[in-house]
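Student: Take this structure, written in structure tokens, and hold onto it; I'll ask about it next.
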Amino acid sequence: MATLEESKNLDSSLRENRVFAPPAEFAAKAHIKSLEQYEAMYRRSVEDPEGFWADAAKELEWFAPWTKVIDGQAQHTKWFVGGKLNLSHNCVDRHALGARKDKVAILWEGEPGEVRRLTYADLHEEVQRFANVLKGLGIKRGDRVAIYMGMCPELAIALLGCARIGAIHSVIFGGFAAHAISDRVNDAGCVAIITQDTSYRRGGEVKLKAIVDQALEKCSMVKNVVVYKRSGSPVEMKEGRDIWWDQAMLAAGKECPAEWMDAEDPLYLLYTSGTTGKPKGLVHTTGGYAVQTYLTSKYVFDLREDDIYWCTADIGWVTGHSYVVYGPLQNGATVMMYEGAPNWPENDRFWKIVDDHKVTVFYTAPTAIRAFTKWGDEWVRKHSLASLRLLGTVGEPINPESWMWYHREIGKERCPIVDTYWQTETGTIMISPLPGATPTKPGSATRPFFGIVPEVVTRSGEPVPDGQGGLLVFRKAWPSMARTVYGDQERYEKTYWSDIPGSYFTGDGARRDADGYYWLMGRVDDVINVSGHRLGTMEIESALVAHPKVAEAACVGRPDDMKGQAIAAFVTLEGGQEPSEELRQELRQWVAKEIGALARPDDVRFTDALPKTRSGKIMRRLLRELATTGDVKGDTTTLEDFGVLAKLRENEE
Ligand code: ATP
Ligand code: MG
């Protein structure tokens, strides 16, 4: 990592002074009601982590108690040693056999508009039957099972069914192509794959089963394919290999006791988004992950009995694992799930869903928020959104102006916003406001969650003074951290635990302000070095996005004889705006005025769209390659739309 070689800190110029206190009415009813209460709990969580996490774990059901809460340190830490539990039991049985039996667990809307409601009792029956289907195929504890589906209740049932028998699931996002599936299936040695005939997306159908068939030509270990019938569109079924979900469910027994899993047994593996390179298959385990998904969901989303909770992430990403399935279900929440695109049939589908189902908590990504602003406020204003009480964001740094738009247009200046910073590797939210306690600042993920000890450091691990940028690390292990990269412990240790000895290195740049708030500055790999000043991408991009005509921006460094690197800005404009030489110059001056002449982009390139991962993250490494060599040769398996790249290449010529 070239950028890490230098010991110099990151330069920071963004100064955001707006502060929003939690609304008094919200705070009064919240789990955590004040900053003082947060601080007292935080102090205990780092001074007495064993006591703190044991208390949290006791809110779940264990088949057998642990003998030690924390064992070992850094990458070798084990949690709840000797404890036995099952995630499917904690997500489902605990509620289905108690007071939440008839409460809706999953509230689902298909893209064509149909609605399904599964109570906890329904979910209990479905998950047990599906677990028996898996057992019937000879799948056992420790086997890897791939899941390649669209967003439907059966996807959640598939995860929970695997968890119930101790099979390790590996969900592959339903937008990936055949070669991405075969790579992942082979890397993990999956013995079966769960899929569906087709899923609905933007009025069309994604032929999931056909793509699986193609992928499996290269996967010799897969013995069975279970096919859920979603649309009824014709598919080929391979004799002896493929079985229909519904037929197998009818034939399967109704009861399947949950396997007693060891706290350190793997629960699932999941590949990262591939924003910075080839995706890594991270392994998450059972006990610590259960406790921390439970606790973060409870406090960050402030879950209450009557909430209709909607995290718009696809279950194909870690956000969907932790905050569509495992976290909220362990809390006994009603989880909203939507199958399709946010702009189908029109740009206001999300807001219609919020009003129709009286969604109270809404959690989405900055990329979605930037799309909403681009589509125009009129789509939002057609709906009341009066049921909302809390908003969240995750996935990328949110530009302060996007935050303000979210606050104003969606939250109606009434709903707190939780900007949650975390990673596939961390398993759960690491830095985030607690909505009843933490005053928010647009663009800051604010303060660490309980038990999390972030620090901003230099390359050699020395703390950087507040106000200056540096590398974000976590000093202490936490329960839900990934334990390894599947089959490659060396890569795991090298990527995360060797740059800053004894600490977990996130790969992200950050600064802490005088109030102890963290501001994510972008990925360390993306840092731009202008005349010896090291600039994070986030601040320059935020300055550009703050211009009324700009919708999105991505900045990268390209080689420059004089300055080392020059700044190339790729910019998309708000609906109705036209690129011009005048606007190009205006934007360059605008950045110079907003954050300083040093950050003035050397080039401003207008484009219709930016290259993104399928989870919606800007892939700056592709833009950097393009700006440097005029072409792109790096790993593009996770790129969402190849057309975007083709167009950018054309513009180069
Ligand atoms: P890869 O690791 O394969 O390059 P990725 O890092 O995009 O892909 P994820 O684990 O999905 O894979 O994303 C985690 C990263 O997303 C973080 O390291 C950070 O860069 C960014 N991120 C997530 N949430 C936030 C947030 N609230 N603020 C700032 N950055 C965020
Ligand atoms: Mg990453």
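In this text, residue positions in the sequence shown follow the UniProt record's numbering: the first is 1, and each later residue adds one.
No residue lacks a Cβ here, since even glycine has one placed at the ideal position from N, Cα and C.
#1: According to DSSP, which residues form a beta bridge with glutamine 73?
#2: Pick out whichever of Glu154, Gln577 and Gly332 has its Cα sitting closest to the Cα of isoleucine 308.
#3: Would a C-beta distance cut-off of 8 Å place proline 601 and arginine 588 closer than the cut-off?
#4: Count the other C-beta atoms from every protein chain shown that fall within 10 angstroms of the C-beta of glutamate 5, then say buried if there are 16 or more, exposed otherwise.
#5: Once DSSP output is grouped into helix, strand and coil, what is the label at glycine 469?
#6: Relative to the C-alpha of valine 457, which candidate in Val550, Gly316, Gly509 and Glu640 has its C-alpha closest?
#7: Which runs of the alpha helix (DSSP H), 4 residues or longer, sit entirely within the stretch 387-424?
#8: In terms of alpha-carbon separation, which member of Tyr421, Lys494, Asn9 and Glu16 lies closest to threonine 393?
#9: Shorter than 7 Å, the distance from the beta carbon of glycine 507 to the closest heavy atom of the ligand MG, or not?
#10: Quick check: arginine 117 and valine 104, are their CB atoms within less than 8 Å of each other?
#11: Does the beta-carbon of threonine 198 have 16 or more other beta-carbons within 10 angstroms, so that it is buried, or is it exposed?
#12: As a quick exercise: from Val225, Phe570, Gly51 and Val69, pick the residue whose alpha carbon is nearest that of valine 133.
#13: Report the three-state DSSP secondary structure of tryptophan 310 (helix, strand or coil).
#14: So, for glycine 634: in the same chain, excluding its five sequence neighbours on each side, which residues have a beta-carbon less than 8 Å away from its beta-carbon?
#15: When you compare the CB positions of valine 359 and serine 322, do they come within less than 8 Å of one another, or not?
#16: In whole angstroms, what separates the C-alpha of threonine 426 from that of tyrosine 486?
#17: Taking the straight line between their C-alpha atoms, what separation do you get for leucine 639 and leucine 645?
#18: Start and end of the beta strand (DSSP E) containing alanine 105?
#19: How would you call glutamine 73, buried or exposed, if buried means at least 16 neighbouring beta carbons within 10 angstroms?
#20: Just reading off the beta strand (DSSP E) that isoleucine 168 is part of, what are its end residues?
#21: Would you mind reading off the limits of the beta strand (DSSP E) that contains aspartate 560?
#22: Please report the straight-line C-alpha distance between tryptophan 62 and lysine 84, rounded to a whole angstrom.
#23: What is the DSSP secondary structure of phenylalanine 449, counted as helix, strand or coil?
#24: Per DSSP, alanine 569 forms a beta bridge with which residues?
#25: Please state if the CB of isoleucine 181 and the CB of isoleucine 139 are separated by a distance shorter than 8 Å.
#26: Considering only heavy atoms of the ligand MG, does any lie closer than 7 Å to the CB of threonine 484?
#27: Per DSSP, methionine 336 is paired with what?
#28: Have a look at phenylalanine 80 and isoleucine 106 and give me their C-alpha separation to the nearest angstrom.
#29: Please report how far the alpha carbon of valine 19 lies from the alpha carbon of phenylalanine 606, in whole angstroms.
#30: For the candidate residues His179, Ala177, Phe176 and Leu159, whose alpha-carbon lies nearest to that of serine 170?
#31: Look at glutamate 50 and valine 69 and say whether their C-beta atoms are less than 8 Å apart.
#32: Tell me the start and end of each unbroken alpha helix (DSSP H) in the stretch 111-139 that is at least 4 residues and wholly inside, in chain order.
#33: Cβ of alanine 368 within 8 Å of Cβ of proline 397?
#34: Quick one: Cα of proline 303 to Cα of leucine 295, how far?
#35: So does lysine 441 have its beta carbon nearer than 7 Å to some heavy atom of the ligand ATP?
#36: Quick check: alanine 96 and tyrosine 120, are their CB atoms within less than 8 Å of each other?
Tutor: Well, looking at it:
#1: The secondary-structure analysis by DSSP pairs glutamine 73 with nothing; it has no beta-bridge partner.
#2: Nearest option by C-alpha distance: Gly332.
#3: For the 8 Å CB-CB criterion, proline 601 and arginine 588 form a contact.
#4: Per-residue confidence for glutamate 5 stands at a pLDDT of 43, beneath the threshold of 50, marking its modelled position as unreliable; the derived number appears in the next sentence. Exposed, by the Cβ-count rule.
#5: Note: glycine 469 maps to strand in three-state DSSP.
#6: Of the candidates Val550, Gly316, Gly509 and Glu640, Gly509 places its Cα closest to the Cα of valine 457.
#7: Taking 4 residues as the minimum length, the alpha helix (DSSP H) runs contained wholly in the stretch 387-424 are 400-405, in order along the chain.
#8: When each option's Cα is compared against that of threonine 393, the closest is Tyr421.
#9: Glycine 507: yes, Cβ under 7 Å from the ligand MG.
#10: Taking 8 Å as the cut-off, the Cβ atoms of arginine 117 and valine 104 count as close.
#11: Around the beta carbon of threonine 198, 16 or more other beta carbons sit within 10 angstroms, so the residue counts as buried.
#12: When the alpha-carbon of valine 133 is set against those of Val225, Phe570, Gly51 and Val69, the nearest one is in Val225.
#13: Residue state, collapsed to three classes: strand.
#14: Closer than 8 Å at the Cβ level, and outside the excluded window around glycine 634, lie Gly277, Arg621, Leu622 and Glu625.
#15: No, they are not a contact pair.
#16: Here the alpha carbon of threonine 426 sits roughly 15 Å from the alpha carbon of tyrosine 486.
#17: Each residue's alpha carbon lies about 9 Å from the other.
#18: First-last of the beta strand (DSSP E) with alanine 105: 104-109.
#19: Classification for glutamine 73: exposed.
#20: 168-171 is the span of the beta strand (DSSP E), which, as asked, contains isoleucine 168.
#21: Segment 550-560, the beta strand (DSSP E) holding aspartate 560.
#22: When the Cα atoms are used, tryptophan 62 and lysine 84 turn out to be separated by approximately 6 Å.
#23: It is coil, neither helix nor strand.
#24: DSSP, once it has assigned bridges, lists Cys555 and Val604 as partnering alanine 569.
#25: It is not a contact, given that the beta carbons lie outside the stated cut-off.
#26: Not a single heavy atom of the ligand MG lies less than 7 Å from the C-beta of threonine 484.
#27: Leu107 and Trp310.
#28: The straight-line gap from Cα to Cα measures roughly 30 Å.
#29: Taking the straight line joining both Cα atoms gives about 33 Å.
#30: Considering only alpha carbons, the answer is Leu159.
#31: In this structure, valine 69 lies closer than 8 Å to glutamate 50 by Cβ.
#32: The stretch 111-139 contains these whole alpha helix (DSSP H) runs: 120-136.
#33: Against a cut-off of 8 Å, the Cβ pair of proline 397 and alanine 368 comes out as no contact.
#34: Before going on, a small fix: residue 303 reads as leucine here, not proline. Here the alpha carbons of leucine 295 and leucine 303 stand approximately 10 Å from one another.
#35: In this structure, lysine 441 has its beta carbon at no less than 7 Å from each heavy atom of the ligand ATP.
#36: Contact: yes.
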